[in-house]
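Data first, discussion second: the structure below is written as structure tokens.
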Amino acid sequence: MKLTSAQVERTLTQFRGEAIPDNHPVIPQLNSLFGEHTFFLDRHGLNIVEPAEAGASGAQSAKVVNVANWSDADPNRLEPHEPEPTDVVVALGSKH
């Protein structure tokens with residue numbers, strides 16, 4: 002799921018991580034591995050967000066999904082794995 006800049010800002014107020022800018026040199030490689038997403042790094046590794054069911058208020062929300070963990074052997078390296086949904090759900094705002 003690709004987020005707007007406002008949605009990225011909103012996500013970062015609810016999730017401890019750092020967004021990888023769309024113009025970062027690693028983005029084409031991440032897109033080829035995981036598809037078109039907004040990517041976030043945190044202490045666990047690399048994450049994306051996937052749409053979650055809208056709440057009763059109709060507000061759009063997204064679930065944080067971990068797609069790669071930091072390597073034990075090399076803490077600066079990510080090891081991709083099958084997507085693992087986390088318990089974190091972020092409110093992105095109302096649907097228009």
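If you count by my numbering, then the sequence shown holds residues 2 to 97, one letter each, in order.
For each residue, glycine too, the CB sits at the ideal point set by N, CA and C.
Sub-9 angstroms separation of residue i and residue j beta-carbons
i, j, result
"V66", "F16", "no"
"E10", "F41", "no"
"T12", "V91", "yes"
Close-in-space but distant-in-sequence residues of the same chain around residue i (CB under 7 angstroms, 5 per side omitted)
i, result
"E51", "M2, A63, K64 and V66"
Chain-order list of residues whose beta-carbon lies under 6 angstroms from that of residue i (same chain, five-residue window excluded)
i, result
"L4", "T39"
C-alpha distance - residue i paired with residue j, whole-angstrom precision
i, j, result
"L34", "T14", "27 angstroms"
"G46", "A7", "23 angstroms"
"E83", "G94", "28 angstroms"
"N48", "G59", "25 angstroms"
"N70", "D43", "9 angstroms"
"A53", "Q61", "8 angstroms"
"E31", "N24", "The question names Glu, but residue 31 is Leu in the sequence shown. The straight-line gap from Cα to Cα measures roughly 12 angstroms."
Residue i, enclosing beta strand (DSSP E) - first and last residue
i, result
"V9", "Looking at the DSSP string, V9 is not in any beta strand (DSSP E); the run it does join, the alpha helix (DSSP H), is S6 to L13."
"N77", "Careful: N77 lies outside any beta strand (DSSP E) and carries neither H nor E."
"S72", "From DSSP, S72 is part of no beta strand (DSSP E); its letter is neither H nor E."
"P52", "G46 to A53"
"D43", "F41 to D43"
Contacting residues, own chain, Cβ-Cβ under 8 angstroms from residue i (five flanking each side not counted)
i, result
"S72", "R78, L79 and E80"
"V27", "I21"
Segment limits, alpha helix (DSSP H) that includes residue i
i, result
"P29", "I28 to F35"
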